[in-house]
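Colleague: Residue numbers (the numbering used here): 315 to 417.
Just so you know, even glycine gets a beta-carbon here, dropped at the ideal spot from N, CA and C.
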Amino acid sequence: MATFKHTGGVSKFEKKLVEGMVANGYTREFAEKTFSQLEGFGSYGFPESHVASFALLAYASSWMKCWHPDVFCCALLNAQPMGFYAPAQVVRDARASGLVPAR
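This is the structure we're talking about:
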(Lines of atoms letter the chains of each structure in order from A and count residues from 1; the text may use other names and numbers.)
(Lines give C-alpha, C1' and ligand atoms only; values in the text may rest on other atoms or scores of the structure.)
Protein backbone atom coordinates (compact mmCIF):
# COMPACT_ATOMS: atom_id res chain seq x y z
CA MET A 1 0.00 0.00 0.00
CA ALA A 2 1.32 3.41 -0.90
CA THR A 3 1.68 6.04 1.76
CA PHE A 4 1.35 9.77 1.75
CA LYS A 5 4.74 10.18 3.41
CA HIS A 6 7.26 9.01 0.82
CA THR A 7 10.51 10.94 0.75
CA GLY A 8 13.38 11.12 -1.69
CA GLY A 9 11.51 10.52 -4.92
CA VAL A 10 11.70 14.07 -6.21
CA SER A 11 15.18 15.09 -5.07
CA LYS A 12 16.89 13.15 -7.86
CA PHE A 13 15.42 15.67 -10.35
CA GLU A 14 16.66 18.80 -8.58
CA LYS A 15 19.81 19.41 -10.63
CA LYS A 16 18.09 18.73 -13.96
CA LEU A 17 15.15 20.99 -13.15
CA VAL A 18 17.18 23.87 -11.74
CA GLU A 19 19.79 23.77 -14.52
CA GLY A 20 17.08 23.50 -17.16
CA MET A 21 15.21 26.49 -15.77
CA VAL A 22 18.40 28.56 -15.59
CA ALA A 23 19.20 27.59 -19.20
CA ASN A 24 15.73 28.83 -20.19
CA GLY A 25 16.23 32.25 -18.63
CA TYR A 26 14.95 31.86 -15.07
CA THR A 27 17.08 33.03 -12.18
CA ARG A 28 18.74 30.36 -10.08
CA GLU A 29 16.95 31.70 -7.01
CA PHE A 30 13.55 31.31 -8.67
CA ALA A 31 14.43 27.83 -9.94
CA GLU A 32 15.53 26.70 -6.48
CA LYS A 33 12.39 28.11 -4.85
CA THR A 34 10.27 26.35 -7.46
CA PHE A 35 11.99 23.06 -6.76
CA SER A 36 11.58 23.59 -3.04
CA GLN A 37 7.83 23.89 -3.51
CA LEU A 38 7.74 20.79 -5.69
CA GLU A 39 9.80 18.88 -3.15
CA GLY A 40 7.41 19.85 -0.36
CA PHE A 41 4.44 18.66 -2.38
CA GLY A 42 6.25 15.49 -3.44
CA SER A 43 6.57 14.33 0.14
CA TYR A 44 2.80 13.98 0.59
CA GLY A 45 0.94 15.00 -2.54
CA PHE A 46 0.01 11.98 -4.61
CA PRO A 47 0.38 8.33 -3.58
CA GLU A 48 1.98 6.05 -6.17
CA SER A 49 -1.14 3.88 -6.38
CA HIS A 50 -3.13 6.92 -7.48
CA VAL A 51 -0.46 7.85 -10.01
CA ALA A 52 -0.75 4.47 -11.72
CA SER A 53 -4.54 4.71 -11.93
CA PHE A 54 -4.43 8.29 -13.18
CA ALA A 55 -1.78 7.43 -15.79
CA LEU A 56 -3.99 4.68 -17.19
CA LEU A 57 -7.01 6.99 -17.35
CA ALA A 58 -4.97 9.75 -19.00
CA TYR A 59 -3.54 7.33 -21.59
CA ALA A 60 -6.94 5.82 -22.41
CA SER A 61 -8.56 9.25 -22.69
CA SER A 62 -5.77 10.56 -24.93
CA TRP A 63 -5.96 7.50 -27.16
CA MET A 64 -9.73 7.81 -27.46
CA LYS A 65 -9.55 11.54 -28.23
CA CYS A 66 -6.86 10.95 -30.88
CA TRP A 67 -8.38 7.96 -32.69
CA HIS A 68 -12.11 8.37 -32.00
CA PRO A 69 -12.74 12.07 -31.28
CA ASP A 70 -16.46 11.73 -32.01
CA VAL A 71 -16.87 8.99 -29.39
CA PHE A 72 -14.71 10.92 -26.93
CA CYS A 73 -16.83 14.06 -27.35
CA CYS A 74 -20.05 12.10 -26.97
CA ALA A 75 -18.78 10.38 -23.82
CA LEU A 76 -17.85 13.71 -22.25
CA LEU A 77 -21.25 15.17 -23.07
CA ASN A 78 -23.01 12.09 -21.68
CA ALA A 79 -21.01 12.40 -18.44
CA GLN A 80 -22.33 15.90 -17.69
CA PRO A 81 -22.32 17.46 -15.22
CA MET A 82 -18.80 16.39 -14.34
CA GLY A 83 -17.26 19.59 -13.05
CA PHE A 84 -14.20 19.73 -15.30
CA TYR A 85 -15.51 20.90 -18.65
CA ALA A 86 -18.76 22.67 -19.44
CA PRO A 87 -20.72 21.21 -22.38
CA ALA A 88 -20.05 24.35 -24.45
CA GLN A 89 -16.32 23.87 -23.93
CA VAL A 90 -16.51 20.23 -25.04
CA VAL A 91 -18.42 21.22 -28.20
CA ARG A 92 -16.00 24.08 -28.90
CA ASP A 93 -13.06 21.66 -28.66
CA ALA A 94 -14.85 19.18 -30.94
CA ARG A 95 -15.40 21.87 -33.56
CA ALA A 96 -11.75 22.94 -33.32
CA SER A 97 -10.83 19.30 -34.00
CA GLY A 98 -12.93 19.27 -37.17
CA LEU A 99 -16.07 17.61 -35.81
CA VAL A 100 -19.50 19.05 -36.48
CA PRO A 101 -21.69 18.23 -33.48
CA ALA A 102 -25.39 17.76 -34.27
CA ARG A 103 -27.82 20.20 -32.73
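Could you give the uninterrupted runs of the alpha helix (DSSP H) lying entirely in the region 331-405, keeping only those of 4 residues or more?
Modeller: Runs of the alpha helix (DSSP H) inside the region 331-405: 342-356, 362-381 and 383-392.
Colleague: With a threshold of 16 other CB atoms inside 10 Å of the CB of C387, please say whether the residue is buried or exposed.
Modeller: Under this definition C387 is a buried residue.
Colleague: Is S411 helix, strand or coil by DSSP?
Modeller: Reduced to three states, the DSSP call for S411 is coil.
Colleague: Note down the Cα distance separating F398 from Y373, rounded to an integer number of angstroms.
Modeller: Rounded to whole angstroms, F398 to Y373 spans 18 Å at the Cα level.
Colleague: Touch check for the region 346-355 and the region 320-337: three-plus C-beta pairs under 8 Å?
Modeller: Segments in contact, yes.
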